[in-house]
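Colleague:
Protein chains in written order, with my numbering: chain F, 1 to 344; chain Y, 345 to 688.
#1: Between the beta-carbon of residue 291/F and the beta-carbon of residue 29/F, is there less than 7 Å?
#2: Under 7 Å, Cβ to Cβ, is there at least one residue of chain Y near residue 94/F?
#3: Could you please give the first and the last residue of the uninterrupted beta strand (DSSP E) stretch that includes residue 20/F?
#4: Does residue 110/F have its Cβ less than 7 Å from a Cβ in chain Y?
#5: Thinking just about the alpha-carbon of each residue, which of 287/F, 166/F, 38/F and 76/F is nearest to the one in residue 230/F?
#6: How far does the beta strand (DSSP E) with residue 566/Y in it extend, from its first residue to its last?
#7: May I ask which residues mark the beginning and end of the beta strand (DSSP E) holding residue 744/Y?
#8: Taking DSSP's pairing of strands, which residues face residue 436/Y in a bridge?
#9: Could you name the residues of chain Y that residue 100/F contacts, counting a contact when the two beta carbons are closer than 7 Å?
#10: Who does residue 502/Y pair with in a DSSP beta bridge?
#11: Can you tell me whether residue 550/Y is helix, strand or coil according to DSSP?
#12: Looking at the structure shown, is residue 578/Y part of a helix, part of a strand, or coil, going by DSSP?
#13: At the 7 Å Cβ level, is residue 61/F part of the contact set with chain Y, yes or no?
#14: Checking contacts by CB at 7 Å: is residue 136/F closer than that to chain Y?
#15: Using the beta-carbon of each residue, which ones in chain F are nearer than 9 Å to residue 591/Y?
#16: Hey, how far is the Cα of residue 612/Y from the Cα of residue 627/Y?
#17: DSSP three-state label for residue 135/F, please.
#18: Flag residue 477/Y as yes if its beta-carbon sits less than 7 Å from any beta-carbon of chain F, otherwise no.
#19: So which residues of chain F does residue 408/Y contact, with C-beta pairs closer than 7 Å?
#20: Using the Cα positions of residue 349/Y and residue 499/Y, report the straight-line distance between them to the nearest angstrom.
#21: With contact counted as at least three CB pairs below 8 Å, one residue from each stretch, are the stretch 103 to 121 of chain F and the stretch 72 to 82 of chain F in contact?
#22: Of all the options 682/Y, 680/Y, 642/Y and 662/Y, which has the alpha carbon lying nearest to the alpha carbon of residue 370/Y?
#23: Just how far apart, CA to CA, sit residue 450/Y and residue 592/Y?
#24: Hey, residue 110/F and residue 173/F are a contact pair by Cβ (cut 8 Å); roughly how many whole angstroms apart?
#25: Please compile the residues from chain Y whose C-beta is within a distance smaller than 9 Å of the C-beta of residue 312/F.
#26: Kindly confirm or deny that the stretch 195 to 210 of chain F and the stretch 249 to 256 of chain F touch, where touching means at least three C-beta pairs closer than 8 Å.
#27: Under 8 Å by Cβ, that's how I've got residue 397/Y and residue 415/Y pegged, so tell me the actual separation to the nearest angstrom.
#28: Any contact of the stretch 174 to 193 of chain F with the stretch 332 to 344 of chain F, i.e. 3+ C-beta pairs under 8 Å?
#29: Please name the residue or residues paired with residue 46/F in a DSSP beta bridge.
#30: Is any beta-carbon of chain F found at less than 7 Å from that of residue 600/Y?
#31: Give the straight-line distance between the Cα atoms of residue 323/F and residue 152/F, rounded to the nearest whole angstrom.
#32: Using the C-alpha atoms, what's the distance from residue 686/Y back to residue 86/F?
#33: Is residue 254/F helix, strand or coil when you go by DSSP?
#34: Please report the distance separating the alpha-carbon of residue 235/F from that of residue 206/F.
#35: Less than 7 Å between the C-beta atoms of residue 90/F and residue 319/F, yes or no?
#36: Using 7 Å as the threshold, is the C-beta distance between residue 143/F and residue 103/F below it?
Structure below.
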């Protein structure tokens with residue numbers, strides 16, 4: 001245990017637990033939806049950042065290499081956007097063994113029918129077409145998620161509104177465990193709802209996603225950024241420059257809202273576009289400039305870190321050791337409360 | 345890792361995995377059904393004996409102390425009947441952390457509906473009255489059992505015929521895992537069916553069980569043994585000594601069949617009892633003598649070990665360390681196959 005971990009254990013900053021399934025490199029949607037706020041949160045909290053490979057395995061059986069390969073990619077994205085591994089604890093879920101142990105303890109405290117009623121799981125089962133063939137590990141992953149949060153006594157969990165049932169499930173398990181052992185061992189958490197809406201894909205679809213081919217990766221090259229903005233969905237009825245155009249659902253304007261710091265200029269552009277006389281190419285050129293400028297330092301840092309993958313692994317190893325020490329402390333309290341501390 | 349463990353790792357003896365849920369001290373039914381053969385098996389196999397506290401927790405939420413208290417009681421029973429901790433590895437399931445990890449890996453490889461179809465689980469859900477409120481940990485315990493067996497690359501698993509679906513489930517998971525990673529990492533196991541039938545309770549009910557109050561504990565005192573034999577169910581129609589008596593379903597004769605080494609004498613007693621003229625008290629006296637003689641050294645050894653609980657704990661600690669080393673080796677192969685060996 002490093003002195004850093006010791007000192008942060010005794011800190012009074014709130015504990016934040018968040019992370020990503022490593023199934024592909026992160027993109028602009030992640031940046032605006034979570035990464036940016038994490039960079040801020042690391043100054044005011046003890047932030048644990050989970051590279052959720054164990055969780056990704058639950059619906060990637062047979063595609064385990066995709067998951068393990070992307071652990072390093074996501075770590076590179078974290079470092080590139082400015083997550084500081086001295087301030088945030090970045091760790092690999094599968095390598096913190098206490099999380100398996102706590103998951104198995106919590107599995108006894110929830111019924112199968114309760115898990116089946118979880119709306120998030122219901123929707124994901126539908127999306128994945130699992131129907132009756134739901135892998136047991138997938139149905140039970142909210143329990144594993146509860147273990148991730150409670151092992152670190154996470155108090156704040158940044159989530160989208162679709163993830164609220166997960167928070168509820170976690171707190172139910174916390175109360176059930178504490179009631180079972182008749183002491184306050186685990187800690188309830190609270191959601192931190194993202195203030196920004198979800199960023200659409202460049203094709204206008206509701207969700208930006210690598211697998212849909214409508215994303216802009218954080219490590220995108222200047223040419224890729226240029227091409228993505230060029231392909232962006234605008235107003236299909238805005239055929240001539242002189243025509244009035246529509247701003248709602250126009251991805252270029254949605255992106256300007258998300259990334260252009262000059263609100264007044266954006267408002268003016270919107271008004272001009274709406275009354276007609278402003279071509280898509282002008283608006284796109286502005287957006288491209290902003291994205292190029294924003295992504296340039298991220299890409300450069302990413303390339304720097306990517307040159308020394310050994311050093312990135314060393315960062316992850318240190319973070320994982322720090323996380324393990326914290327989780328081990330919680331697990332020892334859990335085991336003591338259950339009498340599972342035979343050897344002291 | 346002790347030198348003992350090292351040498352047994354390289355041994356070519358078959359690996360046997362078996363154990364008990366520690367929910368009460370063991371009794372004569374366990375002795376004849378499994379313990380006796382384990383004493384023999386430790387000479388011809390690498391035997392792992394699991395004190396299955398994790399598994400017992402799945403249907404003893406809120407009664408965890410009953411489970412943890414009985415871990416030592418069952419260990420005392422093992423030592424008392426002649427299990428030699430230098431030949432057999434006696435270990436506490438909850439303390440071998442690799443078992444949680446392997447369980448979570450295997451959970452991804454089985455569907456919820458497959459688990460629900462398991463006949464053993466179906467029957468146990470019925471017996472426990474769980475109906476729709478099945479704890480997730482209970483539904484998934486066959487997966488945890490598969491982890492127990494495969495973590496040690498168990499080849500032989502002594503079971504009753506009601507446990508055959510568990511073996512089948514384990515081997516399905518072995519094949520699924522090996523196919524997923526495209527290498528032979530885990531090993532299929534084979535059942536060893538018990539040759540002796542199940543010993544009835546002293547009340548004639550099909551199953552001897554502490555909770556039914558119809559058992560004779562291995563640590564029973566002479567007075568308890570005497571009283572138990574006295575209370576034994578015989579032939580309710582055998583009212584006078586002269587009457588012909590029935591041997592089938594007569595617990596005293598069932599016990600003589602199980603424990604009296606003199607088969608000819610038992611055959612003669614049965615004939616005499618059947619034609620009439622032999623009183624219950626004569627037969628019971630014979631049985632009592634045999635049980636007193638058989639249980640006296642077991643009780644004495646049990647009392648000896650019970651005097652030094654610290655030493656018993658030390659034995660369990662050594663066994664658990666030995667078991668962990670073996671399980672860690674398997675887990676490292678499993679993780680390597682899945683690419684979950686980021687840090688080498």
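Just so you know, even glycine gets a beta-carbon here, dropped at the ideal spot from N, CA and C. Note that this is a predicted model, so its numbers are computed, not measured.
Modeller: This is what the structure gives:
#1: no
#2: yes
#3: 15 to 20
#4: yes
#5: 287/F
#6: Per DSSP, residue 566/Y belongs to no beta strand (DSSP E); it is in the alpha helix (DSSP H), 566 to 574.
#7: Only positions 345 to 688 of chain Y appear in this structure, which leaves residue 744/Y out of reach.
#8: 395/Y
#9: 444, 445 and 448
#10: 536/Y
#11: coil
#12: coil
#13: yes
#14: yes
#15: Near residue 591/Y there are no residues of chain F at all, since even the closest Cβ is about 45 Å away, more than 9 Å.
#16: 11 Å
#17: strand
#18: yes
#19: 338 and 339
#20: Only weak support exists for where residue 349/Y lies, its pLDDT of 43 falling under 50; the coordinates are left without a value.
#21: no
#22: 642/Y
#23: 46 Å
#24: 6 Å
#25: Chain Y residues near residue 312/F: none, gap ~10 Å exceeds 9 Å.
#26: yes
#27: 6 Å
#28: yes
#29: 15/F
#30: no
#31: 8 Å
#32: 21 Å
#33: helix
#34: 16 Å
#35: yes
#36: yes
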